[in-house]
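Q: Per the working numbering, residue 9 is the first one in the sequence shown, and the count goes up by one each step.
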Amino acid sequence: MDLSGKKAVVFGGTSGIGLATAEQLAARGVSVTVVSRNPEKAGALPSGVKAARCDVRDRAALAALLESLAPFDILVSAATGGTRALGPFMEMDLDGYQASFDKLWGYANVVRLGGKHLSPTGTIVLVSGSPARRPRPGQVALSSVGAAVEALARAIAPEIKPRRINVVSPGIIDTPMVAAQGEERAELYRKMTASNLIPRAGTAAEVAKGILFVIENDFVTGTTIDVDGGWLLS
Ligand SMILES: NC(=O)c1ccc[n+]([C@@H]2O[C@H](COP(=O)([O-])OP(=O)(O)OC[C@H]3O[C@@H](n4cnc5c(N)ncnc54)[C@H](OP(=O)(O)O)[C@@H]3O)[C@@H](O)[C@H]2O)c1
9 MDLSGKKAVV FGGTSGIGLA TAEQLAARGV SVTVVSRNPE KAGALPSGVK AARCDVRDRA
69 ALAALLESLA PFDILVSAAT GGTRALGPFM EMDLDGYQAS FDKLWGYANV VRLGGKHLSP
129 TGTIVLVSGS PARRPRPGQV ALSSVGAAVE ALARAIAPEI KPRRINVVSP GIIDTPMVAA
189 QGEERAELYR KMTASNLIPR AGTAAEVAKG ILFVIENDFV TGTTIDVDGG WLLS
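#1: Let me check you understand the geometry: is the CB of I180 closer than 7 Å to at least one non-hydrogen atom of ligand 3?
#2: Taking the alpha helix (DSSP H) that R172 falls in, what are its first and last residues?
#3: So what does DSSP say about K15, is it helix, strand or coil?
#4: Counting only the same chain and skipping the five closest in sequence on each side, list residues whose C-beta sits under 8 Å from that of E75.
#5: Would you tell me roughly how many angstroms separate the C-alpha atoms of A52 and V43, rounded to the nearest one?
#6: Residues in its own chain within less than 6 Å of T231 by CB, not counting five upstream and five downstream?
#7: What does the Cβ neighbour count give for Q106, buried or exposed, with the cut at 16 atoms within 10 Å?
#8: Check the C-beta distance from G210 over to I180 and give it rounded, since I have them as a contact under 8 Å.
#9: Tell me the DSSP bridge mates of S138?
#10: Determine the contact status of G123 and G137, defining contact as a CB-CB distance below 8 Å.
#11: CA-CA distance, F97 and D103?
#12: Pick from T229, E214, E192: whose alpha carbon is nearest that of R162?
#13: Is the closest heavy atom of ligand 1 to the C-beta of R65 under 7 Å?
#14: Looking at the unbroken alpha helix (DSSP H) that takes in S152, where does it start and where does it end?
#15: If we ignore side chains and look at the alpha-carbon of each, how far apart do E48 and A16 end up?
#16: Please tell me whether T41 and L83 are closer than 8 Å, where the distance is taken between their beta carbons.
#17: Is A111 near ligand 1, in the sense that its beta carbon is under 7 Å from a heavy atom of that ligand?
#18: Just checking my contact of S127 with P79 at CB under 8 Å: how many whole Å lie between their CB atoms?
#19: Where does the unbroken alpha helix (DSSP H) through A216 begin, and where does it stop?
#20: Within the same chain, show all residues whose beta-carbon is closer than 8 Å to that of R65, passing over the 5 residues directly before and after it, in chain order.
#21: For I82, which residues does DSSP report across the bridge?
#22: Sorry if obvious, but does the Cβ on K14 come closer than 7 Å to a heavy atom of ligand 1?
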């Protein structure tokens, strides 16, 4: 896809991986709308980027927003959706486990309600996470949600051709998703990545480069690209 003059909607585009994606798309001449529940959190947006407010779990509001933005060429969702349950499954609060799937429902809503407004050469990108295919202890919820996201994209790809859909799967990435600051934050990332082939947290920009790759490359659909510092082999 030649990005120049194209139109994109990036859910979860006001922070972290989504924001970095919006910045890279805008720098390539794409007109971008970033969407989240509290878009003001993004601060000053680069030129070519507008913001809109919507919760991806609210289907009526989402349908109305997508209608107002249509048509578009690029649909990205990096919206976390809701809360994430962590810890051993046999001790897990089952409501918390179920709530973790808000990420999947949000993605499903975006694809189902946004896909119909996508141009014939349009493309969709979702974001899963390394635990989908290599969970570490305590990551049952992250793993099952991420695996469902990757399966969703694989299953939808043949149905929406010639439009394309892909997933990018990040490892540990330094974004505002982690609240800790200063030395506590640095120590957390050191611990979480110590055994990785590339022992550091990735940046949101590095993941966004993976997202730009699957957007631009017209020969890629129905697959998952890992940007994970070697997590899967660690
Ligand atoms: N960071 C990592 O280490 C990592 C690793 C693996 C996978 N991932 C995945 O990568 C994606 C992006 O993560 P990130 O690290 O960039 O997180 P982030 O910095 O916390 O950004 C999440 C974005 O999603 C938006 N959002 C959350 N719930 C939403 C909802 N219900 N409706 C609309 N927007 C919503 C947030 O804005 P509002 O709060 O304003 O709604 C924000 O813009 C997520 O799917 C995450 O699971 C991240």
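Just so it is clear, CB atoms sit at the ideal spot from N, CA and C, and this is done for glycine as well. Bear in mind the structure is a predicted one, so any value in this text is a computation, not a measurement.
A: This is what the structure gives:
#1: Among the ligands modelled here, namely ligand 1, ligand 3 does not occur.
#2: Unbroken run through R172 is the beta strand (DSSP E), 172 to 178; no alpha helix (DSSP H).
#3: Under the three-state reduction of DSSP, K15 is assigned to strand.
#4: H125
#5: 14 Å
#6: N174
#7: exposed
#8: 7 Å
#9: Paired residues: none, contrary to the question.
#10: no
#11: 12 Å
#12: T229
#13: yes
#14: 148 to 168
#15: 19 Å
#16: no
#17: Contrary to the premise, residue 111 reads as Lys rather than Ala in this sequence. K111 Cβ: within cutoff of ligand 1.
#18: 6 Å
#19: 212 to 224
#20: G89, G90, D110, W113, G114, N117
#21: A16, T131
#22: No, ligand 1 has no heavy atom inside 7 Å of this Cβ.
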